[in-house]
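Working notes, beginning with the structure itself.
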Amino acid sequence: MVLSHAASESDVSVHSTFASRYVRTSLARFRMPENSIPKEAAYQIINDELMLDGNPRLNLASFVTTWMEPECDKLIMASINKNYVDMDEYPVTTELQNRCVNMIAHLFNAPLGETETAVGVGTVGSSEAIMLAGLAFKRKWQNKRKAEGKPFDKPNIVTGANVQVCWEKFARYFEVELKEVKLREGYYVMDPEKLLRWSMRTLYVLRPFLVPLLMENSKIWDTPIHVDAASGGFIAPFIYPELEWDFRLPLVKSINVSGHKYGLVYAGIGWVVWRNKEDLPEELIFNINYLGADQPTFTLNFSKGSSQVIAQYYQLIRLGHEGYRNVMENCRENMIVLRQGLEKTGRFNIVSKDEGVPLVAFSLKDNSSHTEFEISEMLRRYGWIVPAYTMPPNAQHITVLRVVIREDFSRTLAERLVIDIENVMRELDELPARVIKKISLGEVKSEDNDDNLMVMVKKSDLEKLKEISNGSTKPVSDKPIFC
Ligand SMILES: Cc1ncc(COP(=O)(O)O)c(C=O)c1O
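The opening position of the sequence shown corresponds to residue 1 in full-length UniProt numbering, with each subsequent residue numbered one higher.
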């Protein structure tokens with residue numbers, strides 16, 4: 001979306017010193033130029049401006065893949081001109097997507113017979129996958145209510161308040177009431193006790209690492225579940241295989257996962273799979289006759305690139321279970337290196353857990369002189385992009401810094417980051433204390449991703465959570481759980 005405006009004279013045009021031997025006049029910033037320019041000039045102008053973007057590899061805010069093997073880069077470039085929707089023209093690409101859907105459905109333990117194929121689709125990311133899964137739920141619920149002669153105009157979904165913004169989008173765009181279970185200090189996942197008050201609902205939305213815990217409370221489970229496994233879907237099956245969060249549980253009807261997060265593909269791929277055909281109402285599937293072939297489709301967009309589908313297939317066969325397990329274990333080990341390094345400084349409380357999605361969330365033990373926001377800002381000078389943000393409503397007075405550990409964040413980088421954080425702390429100690437203006441983000445949610453609230457539930461935490469769901473109201477943990 002473009003809502004920017006030209007702020008000053010220098011904002012109105014784009015100049016380029018290097019390209020000036022081709023381009024003698026400046027380019028208007030917001031209007032298409034009347035004349036063409038040489039390709040070298042266009043390249044130079046854009047490339048020069050892009051240098052000011054951050055370095056994706058040092059962007060520790062994001063879960064999205066920033067490195068793939070050169071062999072896969074080659075496949076991506078070779079298929080960059082294929083429109084995925086031309087299935088009759090590119091049948092092999094379609095076949096690769098179908099293989100991916102089936103592999104992922106099996107990974108999530110879909111109850112498929114020997115000769116049965118999975119029900120699912122590739123999307124541009126988890127957001128599109130979530131819109132599709134949400135729509136399927138809404139329609140299925142409405143059909144059921146109509147058949148029972150009951151009102152069907154008020155569907156709702158229940159999520160944690162730490163839910164990613166795409167669920168709010170879904171609710172608003174598709175007119176579904178969103179019931180958020182608010183967080184409370186020291187407890188940063190959906191609270192089972194509060195969830196209990198909302199039984200008999202259309203749909204519960206849960207993250208993988210919370211499912212087993214909440215499932216144990218039989219009182220709430222007459223409602224279907226969608227698992228938002230955007231990050232966890234490619235982690236749990238490899239390093240927590242015993243965790244029952246997926247189609248092994250009968251109430252889990254659909255699951256989304258981002259191929260471009262721990263599926264290890266560059267941005268632009270997600271997946272949604274349904275338990276079986278009955279969970280995807282047929283009237284949502286369009287059978288279109290396009291370029292000579294009958295194609296069933298269930299997507300929001302028509303055209304899209306093929307490269308990411310091919311890249312996902314590359315990762316699945318190249319790495320296999322063994323490779324994904326190695327990558328996830330390595331991420332976990334590097335997360336521990338970082339966590340221990342930060343603990344050693346003596347300056348931070350670690351507020352994330354070691355289990356779950358590999359990340360370290362930490363806050364200052366003493367923020368009376370300086371804030372986490374200042375640390376984030378100063379780390380930029382070293383090249384690091386480490387976000388600082390306040391927690392969602394009911395815990396918004398807590399600020400954390402968060403580092404996501406991806407495949408390309410090596411142990412050396414983890415150690416280097418600790419050194420740079422120590423340097424920043426020394427610099428801050430020498431600065432006069434800043435007046436701290438408390439800011440509250442209220443209901444504002446991160447557009448980027450809210451996977452910040454990762455699931456890291458230790459055995460002991462699980463046990464404590466169970467107590468809560470059994471009626472005890474004692475605080476569950478002295479440390480926050482990131483879910
Ligand atoms: C839990 C969760 N769900 C959904 C999304 C949206 O995913 P995508 O960026 O693939 O659209 C995210 C993104 O971070 C997420 O963390």
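By construction, the Cβ of each residue, glycine as well, lies at the ideal position given by its N, Cα and C atoms.
Close-in-space but distant-in-sequence residues of the same chain around residue i (CB under 8 Å, 5 per side omitted)
i	result
Leu338	Val360, Val403, Ile405, Ala414, Leu417, Val418
Ile285	Pro296, Thr297, Phe298
Tyr173	Met131
Ser218	For Ser218, the pLDDT reaches just 49, beneath the cut-off of 50, and the residue's location in the model is therefore unreliable, although a value from the coordinates is still provided. If we look at Ser218 and ignore the five residues flanking it on each side, it has no Cβ neighbours.
Ile225	Leu203, Tyr204, Val205, Leu206, Val211, Leu249, Leu251, Val252, Lys253
residue 484	The displayed coordinates of the chain run from 1 to 483. Any statement about residue 484 would go beyond what the structure contains.
Glu407	Thr65, Trp67, Leu264, Val327, Asn330, Cys331
Val176	Gly134, Lys138, Pro155, Asn156, Ile157, Phe170, Thr202
Glu372	Ser363, Leu364, Ala388, Thr399, Val400, Leu401
Close beta carbons around residue i, own chain, < 7 Å, minus the five adjacent residues each side
i	result
Ser13	Ser26, Leu27, Ala28, Arg29
Asp294	Asn287
Ile385	Gly54, Leu58, Asn59, Leu60, Ala61
Asn349	Phe362, Ser363, Lys365
Tyr382	Asp420
Simplified DSSP assignment, three categories, for residue i
i	result
His397	coil
Ser208	Position check: residue 208 holds Pro in this sequence, whereas Ser was assumed. Correct three-state label for Pro208: helix.
His106	helix
Lys353	coil
His15	coil
Leu316	helix
Ser258	strand
Asn47	helix
Leu225	Residue 225 is actually Ile in this sequence, not Leu. Here Ile225 sits in strand by DSSP.
Ala171	helix
Ala161	coil
Ala28	strand
Arg411	helix
Val64	coil
Asn423	helix
Leu52	coil
Lys182	coil
Val85	coil
Arg402	strand
Val252	strand
Glu177	strand
Gly305	strand
Environment of residue i [buried if 16+ CB atoms lie within 10 Å]
i	result
Ile269	buried
Ala433	exposed
residue 491	The structure shown does not extend to residue 491, since the chain is modelled only from 1 through 483, so no value can be given for it.
Lys144	exposed
Val227	buried
Met378	buried
Val424	buried
Pro410	Before going further, note that residue 410 is Ser rather than Pro in the sequence given. By the neighbour-count rule (16 or more Cβ atoms within 10 Å), Ser410 is not buried but exposed.
Gln308	buried
Lys353	buried
Ala242	Note on residue identity: the sequence assigns Glu, not Ala, to residue 242. Counting Cβ neighbours within 10 Å, Glu242 comes out exposed, since fewer than 16 surround it.
Thr93	buried
residue 492	The structure shown does not extend to residue 492, since the chain is modelled only from 1 to 483, so the question has no answer here.
Asp461	Because Asp461 carries a pLDDT of 36, less than 50, the predicted location of this residue cannot be relied on, and the following value inherits that uncertainty. Its Cβ being crowded by 16 or more others within 10 Å, Asp461 is buried.
Pro358	buried
Val340	With the sequence shown as reference, residue 340 is identified as Gln, and Val is not the correct amino acid for it. Label assigned to Gln340: exposed.
Ile76	buried
Asp246	buried
Glu322	exposed
Glu374	buried
Glu283	exposed
Lys344	exposed
Tyr43	exposed
Other residues of its chain near residue i: CB distance less than 6 Å, five sequence neighbours each side excluded
i	result
residue 492	The requested residue 492 does not occur in the structure, where the chain is confined to residues 1 to 483.
Ala171	Leu178
residue 541	The structure shown has nothing for residue 541, since the chain only spans 1 to 483.
Val101	Ala118, Gly120
Met103	Leu316
Ser369	Ala433
Glu278	none
Cys72	Ala311, Tyr314
Ser303	Asn83, Val85
Proximity test, residue i beta-carbon vs ligand 2 heavy atom, cut-off 7 Å
i	result
Ala388	No copy of ligand 2 occurs in the structure displayed; its ligands are ligand 1 alone.
CB contact below 8 Å: residue i versus chain C
i	result
Leu132	Judged by its chain identifiers, the structure shown contains no chain C, having just a single protein chain.
Give the list of continuous beta strand (DSSP E) stretches no shorter than 3 residues that lie fully inside the segment 266-301. The segment 266-301 contains these whole beta strand (DSSP E) runs: 270-274, 286-290, 293-297.
Can you give, in chain order, each stretch of the alpha helix (DSSP H) that sits fully within the segment 94-156 and has at least 4 residues? 126-148, all fully within the segment 94-156.
Quick one: which unbroken alpha helix (DSSP H) runs of 4-plus residues sit fully inside the segment 359-393? Chain order, please. Fully enclosed alpha helix (DSSP H) runs of 4 or longer: 372-379.
Start-end ranges of the alpha helix (DSSP H) lying completely within the segment 316-348, minimum 4 residues: Here no run is fully enclosed.
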